[in-house]
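Novice: For the working numbering, count along the first sequence from 1 and bump the result up by 83.
Ideal placement from N, C-alpha and C gives every residue a C-beta, glycine not left out.
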Amino acid sequence: MAKDRKTFSEKVYAVVKRIPKGKTLSYMEVARRAGNPKAFRAVGNILNKNYNPDIPCHRVIRSDGSVGGYNRGEEKKKEILKREATLA
DNA sequence: CCCCTGACACTTA
DNA sequence: ATAAGTGCCAGGG
């Protein structure tokens, strides 16, 4: 088995970057793919502090279906989600 | 190493 | 359905 080359945050970025357009993954889904299904907390914390243009963090929402939060504004996030969902 | 923070999730009232 | 409390994990100082 390969070793944990990067930190949890790096894994989270990779997972989020893999999210297809018009698709939304919950924090727990991302945390699950990242390697720690219990780290959904850390996922949000990491995304919030490290907002990368290559990472569509707006596709990461809460398990309830709520958009959760967004560095640019939840309203904006919802708008993007709706737009991608319609176009995708 | 210890303490605090945080875009969450789940349970109970 | 809503509100409050609890448990979880990683990053930063």
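Please list the terminal residues of the continuous alpha helix (DSSP H) segment that includes Asn119.
Specialist: Asn119 -> no alpha helix (DSSP H), and no H or E assigned at all.
Novice: Using beta-carbon positions only, say whether Lys94 and Ala117 come within less than 8 Å of one another.
Specialist: Contact flag set, yes.
Novice: I'd like the list of long-range same chain contacts for Lys159, defined as Cβ closer than 7 Å, with 5 residues on each side in sequence excluded.
Specialist: Same-chain partners within the cutoff: Tyr153.
Novice: Should Pro136 be labelled buried (16 or more other beta-carbon atoms within 10 Å of its own) or exposed?
Specialist: Answer is exposed; the Cβ neighbour count stays below 16.
Novice: My guess is that Gly105 and Glu167 are in contact by the Cβ rule of under 8 Å, so how many angstroms apart are they, rounded?
Specialist: Rounded, the Cβ-Cβ distance is 5 Å, consistent with contact.
Novice: If I'm right that Arg145 touches Tyr96 with Cβ under 8 Å, what's the distance once you round it to whole angstroms?
Specialist: Arg145 to Tyr96, Cβ: 19 Å. No contact.
Novice: Buried or exposed: which applies to Leu170, given that a residue is buried once 16 or more other Cβ atoms fall within 10 Å of its Cβ?
Specialist: With fewer than 16 Cβ atoms within 10 Å of its Cβ, Leu170 is classed as exposed.
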